[in-house]
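As structure tokens, the structure follows; a few thoughts come after it.
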Amino acid sequence: MKAAADRLIALDGINGLALGVRARAIASDRRQERPAISVWDASGIFSEVQLATVGAGDPSARTLLLLYAADLAYRVRAEIKPALDAGRLVIAAPYVDTAIALGHATGLDAGWVSRILSFAPVPLRRELIEAPPEDAIGDRRGLVEFCCRQLFGDDELTRLDLIARTNAQLRRP
Amino acid sequence: MPAPSSSSKAPAERIRSHFADTSKRRGLLVTFEGPDGSGKTTQRKLFKTWLKSEGYSVRTTKWNDSELIKPIIKSRKATRSLSGEEFSLLHAADFRHRVEQEVLPALWDGALVIADRFLFTALARDVARGLEHDWVKALYEPFLWPDIVFYFSVSPKTSSQRVSALRVPSYYEAGQDVTKVDNAKESYERFITRVIHEYEQLATRFKFVTVDAEQPIGDQHHAIRKLFRQSEARPWSVENTPAYVEWLATRQARQ
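These protein sequences, in sequence, are chains S and B.
All the letters of the first sequence, read from the start, carry residue numbers 1427 to 1599 under the numbering used here.
All the letters of the second sequence, read from the start, carry residue numbers 2 to 256 under the numbering used here.
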């Protein structure tokens, strides 16, 4: 990863709703630092993936993570760096760790995910936002649930299993 | 290239034995690389027609052409809103999706796949854009190495003249995002010089079969036929095993 950013806080976790709640709470507590919140799909890439035609084929975990990296590159360029340069506090939710955990849970090499996301600035602080995997099912605001749905459609049991494995990866020290 | 893990030994053996079966034609991946204006598309079409007449089952895949990701790239190119990293990552995602949806299934079924540009296009263009070679290369893991890479070699001047004769190069094609030159033709000439420089390094490193693309079309086509005949009997590359292991695992999980 690039040099540490001393005003960047990364929130990671399986539940998009919980990440949003925590990001807003930090922003409220530290409003004098003019906080900016950067959330996934700010680029709109995933919204467009959802609108793709039926014959376009289902993306694999690797393809989804490349798309997440493209989305994060957009967030770094258009949201995170400008806010940091302006001296503001930035809360990125999710950031790098969620993607690494999801990649690992789907059987990809965690080192590969780290390498492709190496352009992202190192945060001052990382926070894991705990949530039960059951609560993440159906949470369309969450990166993890979105990817699980892309991979396994309506197969809720398999989705839940993957969310639980991602959670377990995130909780590893 | 990481070795397949112990858990993937069984699929790896299945893959090796699938491609070792000499009772049927094995899948072949032939890629056409080179700068714009080098005549790749013309030669690809001639080559495909000839292969079909020789009884091959032929499929074609083209750069930045997946139904899923092409529209995403197209809309962002139109608004000139891509950084180097975003450009590179979106093309890698498009590539991976086509490899999984089109290329690997066709090769598994014994088809001959012609790729009009492959991962070397990304390495040449993205590195010419100033990105790190190793980072760009990592985006394309697990690698699927072609059986033959035909590299269509032309000078920057020829490429510029041929492209300019047909159209004004688009913003990203001309590399205006990196050269910052307002005139598209002038920018193209500068950018393509860098791209060709990268291609030439790749040609040596990855043992491309070089075609002199300054020669007449018919002469190039006959040279390609001859070079293909000399190369098609190469054994299947075990270095491609991880790409197949991952593809088969994804397919199985979805079933």
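All C-beta atoms, glycine included, are put in the ideal place defined by N, C-alpha and C.
Excluding sequence positions up to five away, which residues of its chain have a Cβ less than 8 Å from the Cβ of B/Ser8?
-> As a first step, residue 8 of chain B is located in the second sequence; it is residue number 7 there, counting from the start. Low confidence applies here, because B/Ser8 scores a pLDDT of 48, under 50, leaving its location unreliable; read the following figure in that light. Excluding sequence neighbours, B/Ser8 sits near nothing in its chain.
Taking the alpha-carbon positions, what's the S/Ala1482 to B/Glu68 distance?
-> Here residue 1482 of chain S corresponds to residue number 56 of the first sequence, with the count starting at 1. Here residue 68 of chain B corresponds to residue number 67 of the second sequence, with the count starting at 1. Between S/Ala1482 and B/Glu68, the C-alpha separation is close to 5 Å.
Where are the alpha helix (DSSP H) runs, 4 residues long or more, that stay fully inside the stretch 1472 to 1522 of chain S, in chain order?
-> 1487 to 1501 and 1507 to 1511
Give the residues from the stretch 84 to 115 of chain B that approach chain S closer than 7 Å (Cβ to any Cβ), ordered along the chain.
-> Ser84, Glu86, Glu87, Leu90, Leu91, Ala93, Ala94, Arg97, His98, Glu101 and Gln102
In this structure, does DSSP put B/Thr32 in helix, strand or coil?
-> Residue numbering aside, residue 32 of chain B sits at position 31 when the second sequence is read from its first letter. Residue state, collapsed to three classes: strand.
Would you tell me roughly how many angstroms separate the C-alpha atoms of B/Val137 and B/Phe209, rounded to the nearest one?
-> Taking the second sequence and counting its residues from 1, one reaches residue 137 of chain B at position 136. Taking the second sequence and counting its residues from 1, one reaches residue 209 of chain B at position 208. Their Cα atoms are separated by approximately 19 Å.
For the beta strand (DSSP E) that contains S/Leu1550, what are its first and last residues?
-> As a position in the first sequence, residue 1550 of chain S is number 124, starting the count at 1. That run of the beta strand (DSSP E) goes Pro1547 to Leu1554.
Smallest Cα separation from B/Arg191: which of B/Gly176, B/Val31 and B/Leu203?
-> For this step, residue 191 of chain B is matched to residue 190 along the second sequence. If we check each option's Cα against that of B/Arg191, B/Gly176 comes out closest.
Test item: CB-CB of S/Glu1474 and B/Ile149 under 8 Å = As a first step, residue 1474 of chain S must be located in the first sequence, where it is residue number 48. As a first step, residue 149 of chain B must be located in the second sequence, where it is residue number 148. In this structure, B/Ile149 does not lie closer than 8 Å to S/Glu1474 by Cβ.
With a floor of 3 residues, list each beta strand (DSSP E) that falls wholly inside the stretch 16 to 102 of chain B, ordered by position along the chain.
-> 29 to 34 and 59 to 63
Using beta-carbon positions only, say whether B/Trp248 and B/Glu101 come within less than 8 Å of one another.
-> Counting from 1 along the second sequence, the entry for residue 248 of chain B is found at position 247. Counting from 1 along the second sequence, the entry for residue 101 of chain B is found at position 100. Cβ atoms of B/Trp248 and B/Glu101: closer than 8 Å.
For the stretch 1536 to 1563 of chain S, enumerate the residues whose C-beta is nearer than 7 Å to any C-beta of chain B, in chain order.
-> Trp1538, Arg1541, Ile1542, Ser1544 and Phe1545
Quickly, what does DSSP pair B/Ile115 with across the bridge? List them, please.
-> Against the second sequence, residue 115 of chain B aligns to sequence position 114. For B/Ile115, which the question treats as bridged, DSSP gives the partners B/Val31 and B/Thr61.
Shorter than 8 Å from the beta carbon of B/Ile16 to some beta carbon of chain S?
-> The residue given as residue 16 of chain B occupies position 15 in the second sequence. By this cut-off, B/Ile16 is not an interface position.
Do B/Arg97 and S/Thr1592 have their C-beta atoms within less than 8 Å of each other?
-> What you label residue 97 of chain B is simply residue 96 of the second sequence in a count that begins at 1. What you label residue 1592 of chain S is simply residue 166 of the first sequence in a count that begins at 1. No. Outside cutoff.
Taking Cβ-Cβ distances shorter than 7 Å, what residues in chain B pair up with S/Thr1592?
-> Along the first sequence, read from residue 1 onward, the residue named residue 1592 of chain S stands at position 166. Near S/Thr1592 there are no residues of chain B at all, since even the closest Cβ is about 15 Å away, more than 7 Å.
Same chain, Cβ closer than 6 Å to B/Tyr200, neighbours up to 5 away in sequence not counted = Locating residue 200 of chain B in the second sequence gives position 199, counting from the first residue. Correct list, in chain order: Ala125.
With a 10 Å radius around its C-beta and 16 neighbouring C-beta atoms as the bar for buried, classify B/Gln221 as buried or exposed.
-> Looking up residue 221 of chain B in the second sequence gives position 220. The residue is buried, with at least 16 neighbouring Cβ atoms inside 10 Å.
Consider the Cβ of S/Tyr1521: report whether some Cβ of chain B lies at a distance smaller than 8 Å.
-> Here the question's residue 1521 of chain S lines up with position 95 in the first sequence. By this cut-off, S/Tyr1521 is not an interface position.
Quick one: does B/Ala139 have its CB under 8 Å from some CB of chain S?
-> Start at 1 with the first residue of the second sequence, and residue 139 of chain B comes out as number 138. Taking Cβ atoms only, chain S reaches closer than 8 Å to B/Ala139, which makes this a yes.
Give a yes or no on whether 8 Å exceeds the smallest Cβ distance from B/Pro12 to chain S.
-> Translated into positions along the second sequence, residue 12 of chain B becomes position 11. False, the Cβ-Cβ gap to chain S never drops below 8 Å.
Measure the C-alpha to C-alpha separation of S/Leu1443 and S/Trp1466 and round it to an integer number of angstroms.
-> The residue you call residue 1443 of chain S lines up with position 17 of the first sequence. The residue you call residue 1466 of chain S lines up with position 40 of the first sequence. Approximately 12 Å, taken between the alpha carbons.
Based on Cα-Cα distance, which residue from S/Leu1554, S/Leu1534 and S/Leu1492 lies nearest to S/Gly1439?
-> The sequence position of residue 1439 of chain S within the first sequence is 13, counting from 1. Nearest option by C-alpha distance: S/Leu1554.
What's the gap between the Cα of S/Ile1589 and the Cα of S/Leu1445?
-> As a first step, residue 1589 of chain S must be located in the first sequence, where it is residue number 163. As a first step, residue 1445 of chain S must be located in the first sequence, where it is residue number 19. The alpha-carbon atoms of S/Ile1589 and S/Leu1445 are separated by roughly 15 Å.
Name the residues in the stretch 228 to 252 of chain B whose C-beta lies less than 9 Å from a C-beta of chain S; which are they?
-> Glu247, Trp248, Ala250 and Thr251
Spatially closest choice to B/Leu29 from B/Leu228, B/Ala94 and B/Gly111, by CA coordinates = The residue given as residue 29 of chain B occupies position 28 in the second sequence. Nearest C-alpha to B/Leu29: B/Gly111.
So who's on the other strand from S/Val1465, going by DSSP bridges?
-> As a working note, residue 1465 of chain S is residue 39 in the first sequence. Answer by DSSP bridge pairing, in chain order: S/Ala1519.
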